[in-house]
Structures are given as structure tokens and as C-alpha cells.
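*Asks:* Structure in C-alpha cells, see below.
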Amino acid sequence: MPKVDSLPAPRRLLPARLALALWLALCLAAGAALTTLPAAAREAAPATADPVLEANVMRIANELRCLVCQNETIALSSADLAVDLRNQVRDMLRQGRSDAEIMQYMTDRYGDFVLYRPPFKPTTWVLWYGPAALLLGGVAALVLVLRRRSRLDAAAFEPDREDDTRGAGEQGQRG
Amino acid sequence: MKYVRFLLPMALFAGILLFLGVGLGLNPREVPSPLIGKPAPAFTLPRLDDTSQKVSREDLLGKVWMLNVWASWCAPCREEHPLVIDIARRQLVAVYGLNYKDARPAAVGWLANLGNPYRATLVDADGRVGIDFGVYGVPETFIIDRQGIVRFKHTGPLTPEVIRSRIEPLLKELNAQG
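From first to last, the protein sequence lines are chains L and C. Its first residue numbered 1, the first sequence is counted upward by one per residue in the numbering used here. Its first residue numbered 1001, the second sequence is counted upward by one per residue in the numbering used here.
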């Protein structure tokens, strides 16, 4: 009894499903048309205008940090502010401003933080010299320790364990 | 002499620990504003309630004022709004709004719904003045002194803590200067 009853159910549902699927497809298509058209128009407009100018905008935008998504440049970021700042760079280039002037404009407003490459000055010396200083310090300490040890008498060290010497011997033979 | 060999690495380690510990406590999202101690950027913007009237930086010289950057699309602005209303109600400072990249009807509706603490709201439709002020995350709040110098900036929603520990003492100091 339940078997008979349940069998026609999918068949009855089929037209409804088909209608639903059609409806969804229509919605998707309409949605896609609605969302892609203005977006394409908005994104494409500046790029077609002047390829040389656009290349310069991107070159400068690559040096500027997006303040909203801080690990991106304003060239890569799609944040609203990044778009605005790219437009600002484009306007300034059109006005014939130099790269240095544009960078100054940005740092006047957002500080050195906006520069993707931190400037070299006393407050950033630790940043620029720090890693090299740490490396040199480490190497110096290593050399000191090794030289002091090499002058020590063999008796100053614990004798090698047997399995260690065997391992070393085997390695020596293989080498 | 023997202790030095142990104490020196310990001291170095403690130094690095302190350095990193302080670094962990800093908020990387808080970018220090280069505007502090400098004249506020020049602007001439229409008022939200009457776009035929304009307000410029020069109009506000001679008094201590607060600029609160907001937008109707900004959720944290809604969150901090009661605090801005409170500041205006207590008459701590003349509060002005900067309506950043907003649609006018939405902005007018927002103020009608949530209350309007601003002496005037200036309309920055394209965000140019926002860029001049170094705005990167709405809401932001600035305090400008009588000489038109930016004295304080807070990025993100105001908190009772910030108002009590930073803004109130600064306003007391600025108002005392007469």
C-alpha cells in the first residue's frame, strides 16, 4: 500500500522541479546580467583610456599599501579606498605631478605606513640593520666559541660514546 | 665572573621577550596619523541639511571642535553613535559630522532615526576630504584646536574608555588654554 502510494510521487513532482529549475536558471542569468554589466563598465573604463598612463598608475600603486587590507598594495586591493587612491594617483599623473610628489601627497596623509617599502631613516635603522646585526652577532659568537674549544685539551671533553665512534667510522668508510 | 656567562644570555633573552611582548600588544590596524600637530586640511563642503550652504575650515577657526567621520552604510558608526550624542549632550565640544561617501537620503534618514548630535554634517560625497584627513576606516574622530591644528585622532568606533582617558583630558587642556 505505501509502495503504490509512494511511486507516483516523484513523477508528480517532476513538472514542479522543472519549473523551479527553469526559474532558478532565469534568476541566475538575470542576476549575472545585472551584476556583471555595471561592474564591467566601471572596471574597464579607465584601463582603455591611455595604456601608458595606466601602466604608470599601476607602477605607483604597487608601491603603496592599502590601509584597509594592510597586506595588499592599492594596485591589488579591491577595497573602496584603494580604488579612490588609484583614481587620485591617476588624476595627479594627469596633472603632470612627479612620482615623488605623489608619494609625498600619500605620506602627508597616511604616514610612512602607506609606503610598501619602508624609508631608510634613524627610526627604521633597527628594521634595516637589525637582521644583519643579528646574523653577524651570531657568527661572531660561533667563531669565538669554536676557537676557544679548539684550543682546549682533548681531556676537557667527555669521551665519545662507542656507538658514536662506530657511526663516525662507518660514515668515514662510506665517504 | 662565571655568572656573567649565564646572565648575559638571560638578559638578551629578556630583552627580546620584552621587545616582542610590547610588539604583540600593539594594534597593527592603528596607523599613527601624520596629521597630529599639523593644521587640519583645508575643505569647503556643503551641509547635509542644506546643500546650498557651505562650511570651510576657516569658519571653524577660533573654537575647539570635533570631527566625527560617519556613513549610513557603516555598522560600527551606529554602534558608537550614542557616545557621540552623549558628548554633544554634555556640551564637551562642538561636534561636527563628516558624512563620508554616502547617499544623501540614507544619511538624512540615519540621523532622523538615531538622533543628530552634530552642529552641522558636512557632505564628502566622493571621499576627497576623507583622503585629505587620512581616513581609512570609518568611523574616525578628530579633535581640532582653536588654531585649526589637529590634536587627536581615533580610528574606529569611540569607546567610553577612549572618551574618558584621552578625549576628556585633552578637551579640558584645550579649553583651559582660552
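Each residue gets a CB set at the ideal place from its N, CA and C atoms; glycine is no exception.
Work out the CA separation of Leu1026 of chain C and Leu1018 of chain C for me, nearest whole Å.
*Replies:* 13 Å
*Asks:* With DSSP run on the structure shown, which of helix, strand or coil describes Asp80 of chain L?
*Replies:* helix
*Asks:* Taking the beta strand (DSSP E) that Thr107 of chain L falls in, what are its first and last residues?
*Replies:* Note, Thr107 of chain L: premise wrong, no beta strand (DSSP E); alpha helix (DSSP H) at Asp99 to Tyr110.
*Asks:* Note down the Cα distance separating Arg1089 of chain C from Arg1119 of chain C, rounded to an integer number of angstroms.
*Replies:* 11 Å
*Asks:* What's the call for Ser77 of chain L, buried or exposed, on a 16-neighbour Cβ count within 10 Å?
*Replies:* buried
*Asks:* First and last residue of the alpha helix (DSSP H) that includes Gly1023 of chain C?
*Replies:* Lys1002 to Gly1025
*Asks:* If you measure from the beta carbon of Phe157 of chain L to each beta carbon in chain C, is any gap under 8 Å?
*Replies:* no
*Asks:* Where does Trp125 of chain L fall in DSSP's three states?
*Replies:* Correct three-state label for Trp125 of chain L: helix.
*Asks:* Got a sec: which bits of the stretch 79 to 93 of chain L sit with their beta carbon under 8 Å from any beta carbon on chain C, in order along the chain?
*Replies:* Asp80, Leu81, Asp84, Leu85 and Gln88
*Asks:* Would you identify the three-state DSSP class for Asn56 of chain L, choosing helix, strand or coil?
*Replies:* helix
*Asks:* By DSSP, does Gly138 of chain L sit in helix, in strand, or in coil?
*Replies:* helix
*Asks:* Pull up the DSSP beta-bridge partners for Asp1124 of chain C, would you.
*Replies:* C:Tyr1100
*Asks:* If you drop the 5 nearest sequence neighbours on each side, which residues of the same chain put their C-beta closer than 7 Å to that of Val1106 of chain C?
*Replies:* Checking the displayed sequence, the identity of residue 1106 of chain C turns out to be Ala instead of Val. Counting only Cβ-Cβ distances below 7 Å, and skipping sequence neighbours, we find Ser1072.
*Asks:* Helix, strand or coil: how does DSSP classify Lys1172 of chain C here?
*Replies:* helix
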